[in-house]
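Notes follow the structure.
There are 2 protein chains.
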Amino acid sequence: MKRKVTLKQIAKELDVSISTVSKSLRNSSEIGEETRLKVQAFAKFYNYKPNNIALSLKNRKTKSIGIIIPEIVHYFFSTVINGIEQVANENGYSVVICLSDDSFDKEVLNMEMLANGSIDGFIMSLSKETQFKGDFHHITEVINQGMPVVMFDRVTNDILCDKVIIDDKAAAYEAVQSLIDSGRKKIALVTTVDYVSVGKLRTDGYEKALLDNEIPFNEELIIKIEDVDTCEITISQLLHERAFDAVFAVNELFAVTIIKTANKMGLKVPEDLAVIAFTDGIISKYSTPSITTVSQSGEKMGNKAAKMLIERLEAEHDDDEEENENYTTEVIETHLIKRESTD
Amino acid sequence: MKRKVTLKQIAKELDVSISTVSKSLRNSSEIGEETRLKVQAFAKFYNYKPNNIALSLKNRKTKSIGIIIPEIVHYFFSTVINGIEQVANENGYSVVICLSDDSFDKEVLNMEMLANGSIDGFIMSLSKETQFKGDFHHITEVINQGMPVVMFDRVTNDILCDKVIIDDKAAAYEAVQSLIDSGRKKIALVTTVDYVSVGKLRTDGYEKALLDNEIPFNEELIIKIEDVDTCEITISQLLHERAFDAVFAVNELFAVTIIKTANKMGLKVPEDLAVIAFTDGIISKYSTPSITTVSQSGEKMGNKAAKMLIERLEAEHDDDEEENENYTTEVIETHLIKRESTD
DNA sequence: CTGAAAGCGCTTACAG
DNA sequence: CTGAAAGCGCTTACAG
């Protein structure tokens with residue numbers, strides 16, 4: 044068990060000062076070639092690597108990005124992490140992940156923990172509970188301390204910062220329009236409760252599409268699901284009570300449940316019932332029939348978010364000399380992936 | 044933009060020494076009550092929080108756990124992370140995640156990056172390439188430096204450290220036995236290439252079950268898939284050429300592909316073909332028919348791995364006084380989840 | 001009861 | 001060309 048070697052030890056062994064060792068390893072021209080090479084050889088031999096923590100303290104930056112997301116066991120969020128990781132690594136950053144479990148308290152706790160010096164900036168998507176409460180003081184605080192935050196997907200207008208989103212409303216509109224184009228008249232909507240920002244926006248898109256096509260808008264064809272675990276019952280009720288020939292679901296899970304329930308009832312997808320889901324993932328791909336989805340590239344969102352954050356981080360050299368906060372909101376393209384659940 | 048307040052600033056404001064502030068905040072009995080309360084009030088007002096990096100440097104421990112896994116967009120690994128996160132958070136640890144992308148070089152790079160002081164210990168699952176090369180020097184090195192490592196799922200006998208695994212062979216045996224019990228005679232195996240440790244073990248279990256039941260072992264009913272993307276072709280060949288009434292697949296993806304291909308060919312699952320897959324996940328649950336699986340709780344594995352690591356971390360007080368390395372290998376229970384793909 | 005000093009591992013402006 | 005000193009933000013053994 045040979046503990047990691049430090050500058051101090053090298054200095055002692057070689058009988059030079061710590062400064063000399065440090066400078067040699069950083070190839071400072073201040074140091075004579077002979078000494079420099081000697082130190083470098085020695086350091087290489089003992090596999091010296093500078094201690095990240097010491098560097099962080101000295102430089103007052105950690106080269107780490109904090110990610111706070113509601114859930115990790117979720118295809119979309121995993122792909123976002125993937126995307127963030129890629130560009131983080133390319134730029135020499137590592138990634139610290141905390142999960143809020145859709146709980147406000149955990150989100151606050153995790154942010155506070157990471158904000159105390161562990162990371163240089165945040166990339167985050169709001170927990171449901173946070174969106175419900177509308178309490179964003181923990182985020183404001185972090186931003187006020189000068190720590191940049193990039194929000195993605197589940198964002199809020201109440202916070203000024205960089206954001207990366209998709210145009211949920213337009214994408215939903217497009218999906219519903221495609222159902223209409225294929226001759227569907229009575230289109231149901233299975234969505235979340237309104238405080239989930241993206242659910243609300245997708246609902247808006249659905250309504251607008253109907254309106255623009257002069258299709259009567261029927262409240263009874265809309266169901267808002269609070270809890271995924273109980274969605275099966277609600278969905279089977281909907282299928283039993285209402286007659287419709289298409290469904291737009293705001294996520295994969297709702298869609299696959301609809302299809303399974305419809306099948307049990309003897310309805311054929313897509314013949315009797317066309318289904319489109321928001322957010323392409325593993326379920327849609329492997330479901331039978333496979334599901335037509337609105338694809339939002341989590342990877343691209345992650346890439347973009349990381350780029351925005353790192354850019355801001357690296358631009359901070361001038362300190363608060365000029366507080367040039369021109370926050371931007373990037374909108375990532377979506378597109379429809381046609382599969383077997385629609386015709 | 045009010046930067047985070049430090050002890051130094053508080054000391055200056057209150058006209059006391061930094062030591063006094065530090066001790067007051069840590070409720071040291073050395074400090075007079077008056078001063079102590081004054082400092083605490085002030086600190087609270089300015090929302091003082093100690094800087095993690097400084098603490099890490101001072102204490103020579105970071106209270107962070109490094110996780111290195113091959114892939115995050117993968118149900119099993121996400122659940123493991125979930126499991127690790129839970130117990131990490133309960134114990135005041137945060138979690139730094141790096142992805143190896145199943146690449147040896149990335150695994151080495153990431154380990155080196157994190158090993159330089161950023162974390163206190165590792166939890167990892169080997170990349171495919173690492174298993175293929177059989178090169179584990181990066182892990183040995185980290186362990187030699189005194190940094191504990193816990194491996195899970197994809198482990199190796201070549202490294203001595205704590206491990207958490209499932210009994211892949213026994214679980215596979217049980218799955219195949221259940222197929223035999225339901226009257227299946229010709230059971231195919233769809234597995235990975237042998238260097239993936241778990242794939243190999245599951246294959247062993249399959250063979251043993253056949254042997255014990257005196258079922259002739261047929262090489263032609265075994266296919267080893269290297270690349271998931273091309274598995275569709277290989278699988279459809281198998282289905283066309285060989286006659287069999289059951290398949291044991293070493294993962295969900297293989298299983299769902301088999302089912303979809305069989306369906307296209309007019310075979311009925313489970314009537315014509317029973318299917319069992321290793322590792323329960325989202326695909327098996329939502330596939331049609333839903334798939335009978337061997338469930339290995341990633342969450343439990345994560346819990347256990349984190350517990351083992353943290354225990355070792357907290358036990359390290361005695362330093363190298365007595366090098367009591369009694370490494371253990373925990374075996375997590377598995378069980379069969381019966382669904383529609385078997386009768 | 002309070003504070004100066006040393007130290008965690010590093011960097012860098014400044015002397016010599 | 002080399003090294004002592006100060007400092008990043010904290011803690012703690014030791015003086016006073």
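Protein sequences appear in the order of chains B and Z. Going letter by letter, the first sequence gives residues 44 to 386 in the numbering used here. Going letter by letter, the second sequence gives residues 44 to 386 in the numbering used here. In this text, a Cβ means the ideal position worked out from N, Cα and C, and glycines have one as well.
- With a beta-carbon spacing of about 4 Å, residue 345 of chain B and residue 127 of chain B fall inside the 8 Å limit used to define contacts.
- Of all residues in the region 187 to 205 of chain Z, those with a C-beta nearer than 7 Å to a C-beta of chain B are 187, 188 and 189, reading in chain order.
- Taking the Cβ atoms as the reference, residue 313 of chain Z lies roughly 5 Å from residue 384 of chain Z, within the contact range of under 8 Å.
- Cβ contact annotation for residue 350 of chain B (same chain, cutoff 8 Å, sequence separation greater than five): 130, in chain order.
- Using beta-carbon distances, residue 93 of chain Z counts as an interface residue toward chain B, with a partner under 9 Å.
- DSSP places residue 337 of chain Z in the uninterrupted beta strand (DSSP E) bounded by 335 to 339.
- At a cut-off of 4 residues, the continuous stretches assigned as alpha helix (DSSP H) that sit fully inside the region 89 to 144 of chain B are 95 to 102 and 118 to 133.
- Under the Cβ criterion of 9 Å, residue 184 of chain Z is counted among the residues facing chain B.
- Chain Z has no Cβ within less than 9 Å of the Cβ of residue 89 of chain B.
- At a Cβ-Cβ threshold of 9 Å, residue 161 of chain B and residue 96 of chain Z count as neighbours.
- In the three-state scheme derived from DSSP, where H, G and I count as helix and E and B as strand, residue 286 of chain Z is classed as coil.
- Under DSSP, residue 205 of chain Z shares a beta bridge with Z:193.
- The residues 78 and 82, in chain order, have a CB closer than 8 Å to that of residue 59 of chain Z in the same chain once the five nearest residues on each side in sequence are set aside.
- Scanning chain B for C-beta atoms nearer than 8 Å to the C-beta of residue 299 of chain Z yields 329, reported in chain order.
- Listed by position along chain B, the residues whose Cβ is nearer than 7 Å to that of residue 46 of chain Z are 188 and 189.
- Excluding five sequence positions before and after residue 243 of chain B, the CB atoms of its chain that fall closer than 6 Å to its own CB belong to 237, given in chain order.
- At least one CB atom of chain Z sits nearer than 9 Å to the CB of residue 160 of chain B.
- Looking at the backbone, the Cα of residue 111 of chain B and that of residue 123 of chain B are separated by about 11 Å.
- Contact of residue 172 of chain B with chain Z is not assigned, every C-beta pair being separated by 9 Å or more.
- For the region 306 to 317 of chain Z, the residues whose beta carbon sits under 9 Å from a beta carbon of chain B are, in order, 306.
- Classified as exposed, residue 102 of chain Z has fewer than 16 neighbouring CB atoms from the shown chains inside 10 Å of its CB.
- Taking C-beta atoms under 8 Å as the contact rule, residue 317 of chain Z and residue 225 of chain Z qualify, at a distance of about 7 Å.
- Taking each of Z:340, Z:221, Z:259 and Z:205 in turn and checking the Cα distance to residue 229 of chain Z, the smallest one comes out for Z:259.
- Contact annotation for residue 57 of chain Z against chain B: no contact, minimum CB-CB distance about 21 Å [criterion: below 9 Å].
- At least one beta carbon of chain B lies nearer than 9 Å to the beta carbon of residue 157 of chain Z.
- Under the three-state reduction of DSSP output, residue 179 of chain Z falls in the coil class, being neither helix nor strand.
- Look at residue 267 of chain B here: in three-state DSSP terms it is strand.
- Of B:51, B:48, B:381 and B:52, the smallest CA-CA separation from residue 218 of chain B is found for B:381.
- Across the set Z:190, Z:320 and Z:353, the C-alpha of Z:320 shows the shortest separation from the C-alpha of residue 222 of chain Z.
- By the C-beta density criterion, residue 50 of chain Z is buried, having at least 16 other C-beta atoms within 10 angstroms.
- Under the 9 Å criterion on CB atoms, residue 138 of chain B is classed as interfacial with respect to chain Z.
- At a cut-off of 9 Å between beta-carbon atoms, residue 370 of chain B makes no contact with chain Z.
- Residue 280 of chain Z counts as exposed, since fewer than 16 other C-beta atoms from the protein chains shown sit within 10 angstroms of its C-beta.
- The beta carbon of residue 116 of chain Z lies closer than 7 Å to none in the same chain, with the five residues before and after it left out.
- Measuring C-alpha to C-alpha distances from residue 330 of chain Z to each of B:300, B:353 and B:354 identifies B:300 as the nearest.
- For residue 151 of chain B, the closest Cβ of chain Z is not nearer than 9 Å.
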